[in-house]
Amino acid sequence: MWSDRRLLELFGIEHPIVLAPMAGFATVELASIVSNAGGLGSIGCATMDPQIATDTIAQLRRLTIKPVSLNFFCHEPAKVDSGRERAWHDRLSPYYRELGIDEATPRPRTDLAPFGSAMCEFIEDARPEVVSFHFGLPAPPLVARIKAVGCRVISSATTVAEARWLEDHGADAVIAQGYEAGGHRGMFLDRDQNRALAAQLGTFELVPQIADAVGVPVIAAGGIADGRGIAAALTLGASATQIGTAFLLCPEAATPPLHRDALRQAHEVGTVVTNVLSGRPARAMVTRLVAELGPLSDAAPDFPLPMGELAPLRAVAERKGSRDFTSIWAGQGAALARELPAKALMQTLVKEAVERLKRVAGG
Ligand SMILES: Cc1cc2nc3c(=O)[nH]c(=O)nc-3n(C[C@H](O)[C@H](O)[C@H](O)COP(=O)(O)O)c2cc1C
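Here you go:
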């Protein structure tokens with residue numbers, strides 16, 4: 024059915040479709056359905072501690088015996104910069120006043136630990152078939168420990184240089200994350216994020232360039248939402264695809280109602296890459312906060328501190344039914360997302376892609 028079987032054999036899966044890890048959105052139910060349908064189900068574990076991750080994989084293993092992927096972040100921890108944090112705090116103050124939130128309300132500090140030794144111990148016990156990273160890879164001894172227990176290691180590249188770096192540092196496959204992708208840009212090599220952002224390539228350009236540059240299989244990500252996109256990515260040299268936004272409207276996803284409503288309006292609202300929601304460039308739908316303070320701001324504190332500052336605003340606004348301060352992560356393909364149960368979506372994606380590839384081959 025699929026002519027390039029490299030990634031299928033590497034992961035032990037049937038179809039070249041990876042459910043994108045989406046921390047907080049991709050549930051164990053959704054991941055298990057994708058794995059049971061022959062794809063690779065992923066769980067975003069970036070915000071979990073090892074105990075929660077242990078419970079999560081136990082639930083997942085009860086729902087599927089097929090290969091699964093667990094995903095972690097390798098960002099640099101936020102630096103303490105009280106001047107900058109104060110300035111950001113002041114920038115948000117008018118919104119606090121507008122929503123009648125006491126300025127003294129504690130704004131949670133949302134530090135997020137990158138993947139470290141404790142999580143690595145969990146991986147050594149849990150042994151998911153695939154361990155996926157965003158923002159680079161952990162230190163070489165940690166990568167060695169993961170590989171020593173037989174897990175395949177993958178990570179996102181947004182440039183050819185990042186893809187080569189990942190291959191050189193032990194990645195078994197590289198995710199080519201085009202500019203269309205929803206959620207955080209996986210960019211990690213250039214410390215000047217604005218400069219790096221200005222040079223980011225779309226999936227159509229990135230996939231063939233990375234496929235030419237590395238020896239390991241390439242997984243295309245960004246803007247792939249139907250069989251046409253899958254067939255295009257495979258034709259461009261990818262061995263598989265990673266799809267996120269297109270699964271957000273599945274009933275099994277944990278996408279909140281306000282987020283679902285926004286996705287249904289994707290034709291009118293559109294997405295941008297913004298750093299004001301989290302401190303790192305990420306693609307999200309345009310909301311009031313993004314329009315007024317962004318999309319890009321030099322004032323945003325380090326990832327992921329803005330999330331804590333926004334939490335009280337978000338909570339109050341959401342209670343009033345407003346998504347003004349909510350992070351509506353979505354890719355440029357949001358308007359193509361279909362409201363189908365995950366199993367039906369997987370079957371549709373496979374069928375559409377196979378038909379399209381046959382047509383291209385003149386079969
Ligand atoms: C809601 C959402 C959450 C995401 N969370 C993560 C995550 O936790 N880890 C990760 O590696 N990538 C995350 N991503 C990015 C995906 O891995 C992938 O690059 C992207 O979904 C592909 O583009 P698409 O959304 O157009 O399909 C997220 C994307 C979305 C839309």
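Everything in the sequence shown is counted per the numbering used here, starting at 24 for the first residue and increasing by one. Beta carbons: idealized from backbone N, C-alpha and C, even for Gly.
DSSP places R306 within a strand segment (E or B) once states are collapsed to three. At a cut-off of 7 angstroms, the beta-carbon of Q370 does not count as near ligand 1: no heavy atom of the ligand is closer than that.
With fewer than 16 other beta carbons inside 10 angstroms of its own, R150 counts as exposed. Relative to L115, the option among P327, V299, G354 whose CA is nearest is V299. Inside the segment 91 to 126, DSSP marks whole alpha helix (DSSP H) runs of 4 or more residues at positions 105 to 121, from first to last along the chain. For the pair of segments examined, the segment 276 to 283 was found not to touch the segment 319 to 335: the number of CB pairs separated by less than 8 angstroms stays below three.
Restricting attention to L336, W188, E144, D27, the CA atom closest to the CA of Q74 is found in E144. Between A261 and A186, the C-beta spacing is not below 8 angstroms. The alpha carbon of T50 has as its nearest neighbour, out of E315, G267, A219, the alpha carbon of G267. Unbroken alpha helix (DSSP H) runs of no fewer than 4 residues, entirely contained in the segment 280 to 351, are found at 280 to 287, 289 to 292, 311 to 316, 328 to 342, following chain order. Per the Cβ contact rule, the segment 201 to 212 is not in contact with the segment 114 to 133 (fewer than 3 Cβ pairs under 8 angstroms). Nearest to S350 by alpha-carbon distance, out of A60, L33, L336, is L336.
Look at T268: its beta carbon is less than 7 angstroms from one of the heavy atoms in ligand 1.
Under DSSP, I266 takes part in a beta bridge, and its partners are L42. Inter-residue distance for A254 and L33 is about 20 angstroms (C-alpha atoms, whole angstroms).
Per the Cβ contact rule, the segment 59 to 66 is not in contact with the segment 97 to 115 (fewer than 3 Cβ pairs under 8 angstroms). When DSSP states are grouped into helix, strand and coil, Q200 belongs to the strand group. Beyond the five residues adjoining it in sequence on each side, A323 comes within less than 7 angstroms, by CB distance, of W111, N298, V299, G302, P329 in the same chain, given in chain order. Counting along the chain, the unbroken beta strand (DSSP E) around R175 starts and ends at 175 to 180. By DSSP's assignment, A244 forms a beta bridge with Q200, Q265. Each of A244, D321, A360, L368 was checked against the Cα of A43, and the nearest Cα belongs to A244.
Taking C-beta atoms under 8 angstroms as the contact rule, G246 and E203 qualify, at a distance of about 3 angstroms. Residue G250 holds the alpha-carbon nearest to the alpha-carbon of V383 among V309, R29, G250. Of the candidates S105, V154, F158, the residue whose Cα lies closest to the Cα of T181 is F158. Residue environment analysis places E108 among the buried positions, since at least 16 neighbouring C-beta atoms fall within 10 angstroms of its C-beta. DSSP, read as helix, strand or coil, puts I36 in coil.
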